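**Q**
2 protein chains.
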Amino acid sequence: MELEPKVRGCCRLDVRSELTEAAARPLAERLAALADPNRLRLLEILGRCAGKVCVCELVEALPLSQPTISHHLRVLRAAGLIDYEKRGVWAYYYVRREALQELEAQIRGLVAPSVEG
Amino acid sequence: MELEPKVRGCCRLDVRSELTEAAARPLAERLAALADPNRLRLLEILGRCAGKVCVCELVEALPLSQPTISHHLRVLRAAGLIDYEKRGVWAYYYVRREALQELEAQIRGLVAPSVEG
DNA sequence: GCCATAGATTGACGTAGTTCAATGGCTCAA
DNA sequence: TTGAGCCATTGAACTACGTCAATCTATGGC
Numbered sequence: 002m003e004l005e006p007k008v009r010g011c012c013r014l015d016v017r018s019e020l021t022e023a024a025a026r027p028l029a030e031r032l033a034a035l036a037d038p039n040r041l042r043l044l045e046i047l048g049r050c051a052g053k054v055c056v057c058e059l060v061e062a063l064p065l066s067q068p069t070i071s072h073h074l075r076v077l078r079a080a081g082l083i084d085y086e087k088r089g090v091w092a093y094y095y096v097r098r099e100a101l102q103e104l105e106a107q108i109r110g111l112v113a114p115s116v117e118g
Numbered sequence: 002m003e004l005e006p007k008v009r010g011c012c013r014l015d016v017r018s019e020l021t022e023a024a025a026r027p028l029a030e031r032l033a034a035l036a037d038p039n040r041l042r043l044l045e046i047l048g049r050c051a052g053k054v055c056v057c058e059l060v061e062a063l064p065l066s067q068p069t070i071s072h073h074l075r076v077l078r079a080a081g082l083i084d085y086e087k088r089g090v091w092a093y094y095y096v097r098r099e100a101l102q103e104l105e106a107q108i109r110g111l112v113a114p115s116v117e118g
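Those sequence lines, one after another, are chains A and B.
One gets this note's numbering by counting positions in the first sequence from 1 and adding 1 to each.
One gets this note's numbering by counting positions in the second sequence from 1 and adding 1 to each.
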């Protein structure tokens, strides 16, 4: 009784998501960290500079207040996409490239075909 | 007078974002379309099924109302990540894999190192 | 033509995100 | 120890987003 196949005019599949809510949420959070124009620009600056960049550079590079820059850096860091190192009064941020690569891989894996439909 | 080099204790760089606001915005919008757990789950279902999937399947697969599913499909479609085909009263959605691949490439290109720092 | 059904749209509500001004903590120099 | 500078945090205002109930549109069967 439980296993009766669905009979419908529109489709023969009976699809279920293999991506659970619990698995989708952290991926969505990392993508949300990326999904802001100003955070993309910050990341682009950090990514293009091979070394570590002082916050004052970032504040000058974008038309945003210092607290706002600080907020965006915090979001990126919470997502694991960047990290920083404190030297005296200065903070130097850098991209965690392996995190970006992992994110790419997850996007790729998300839509890897596996079922006929 | 305009070209005097910056003298600062913290850094010797004078960084500018090569990613303009105008270029960052559409990329951020596509990422924002991806940055929702339920949209990721929809995309995962569409991606895993090689063919095209009827909306009724999607409504059954996730614990969301039909209007909400329809809204999310609209967002994904506006971002160019999926498309659909109408057959009679039914609508069949599918992933635009080339759009996902382009998005991956843009993330990769974003943080390609090019400047000493 | 009429009705049932699939899916899209609208409107409303609650939550989350972006931004800045003001302020706080910390470190170094004098 | 006092002051100045760098960066983080807080609080408030505004906007954007996710969700559902209700409604609308369009298609196909009778």
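C-beta atoms are modelled at their ideal positions from N, C-alpha and C, and glycine is treated no differently.
For clarity, every value in this text was computed on a predicted model and none was experimentally measured.
Let me confirm a value: proline 68/B is counted as buried when at least 16 other C-beta atoms fall within 10 Å, else exposed. Which label applies?
**A** Counted from its first residue, the second sequence places residue 68/B at position 67. Result: exposed.
**Q** Which of the three DSSP states, helix, strand or coil, is assigned to arginine 13/B?
**A** In the second sequence, residue 13/B corresponds to position 12, counting from 1. Arginine 13/B: coil per DSSP, three-state reduction.
**Q** Taking its Cβ as the centre, do 16 or more other Cβ atoms sit within 10 Å of serine 66/B, making it buried, or is it exposed?
**A** Here residue 66/B refers to the residue found at position 65 of the second sequence. Burial call: exposed.
**Q** Flag proline 114/B as yes if its beta-carbon sits less than 7 Å from any beta-carbon of chain A, otherwise no.
**A** Here the question's residue 114/B lines up with position 113 in the second sequence. At least one chain A Cβ lies under 7 Å of proline 114/B.
**Q** Mind pulling the alpha helix (DSSP H) runs of 4 or more residues that sit fully within the region 63-106 of chain B?
**A** You should have 67-79.
**Q** Compute the Euclidean distance between the alpha carbons of tyrosine 76/A and isoleucine 108/B, then round it to the nearest angstrom.
**A** Numbered from 1 along the first sequence, position 75 holds the residue referred to as residue 76/A. Numbered from 1 along the second sequence, position 107 holds the residue referred to as residue 108/B. According to the sequence as given, residue 76/A is valine; it is not tyrosine. So the two alpha carbons sit approximately 17 Å from each other.
**Q** Restricting to Cα atoms, I'd like to know which of Val16/B, Arg42/B and Cys57/B is closest to glycine 10/A.
**A** Within the first sequence, numbered from 1, the residue matching residue 10/A stands at position 9. Among Val16/B, Arg42/B and Cys57/B, the Cα nearest to that of glycine 10/A is on Cys57/B.
**Q** In three-state terms, what does DSSP make of valine 112/B?
**A** Along the second sequence, one-based indexing puts residue 112/B at 111. Three-state DSSP puts valine 112/B in coil, outside helix and strand.
**Q** Find out if the Cβ-Cβ distance for the pair alanine 62/B, arginine 13/A is shorter than 7 Å.
**A** Counted from its first residue, the second sequence places residue 62/B at position 61. Counted from its first residue, the first sequence places residue 13/A at position 12. Taking 7 Å as the Cβ cut-off, alanine 62/B and arginine 13/A do not qualify as a contacting pair.
**Q** Just checking, does the region 44-60 of chain B make contact with the region 18-28 of chain A on the three C-beta pairs under 8 Å criterion?
**A** Flag = yes, the region 44-60 of chain B and the region 18-28 of chain A touch.
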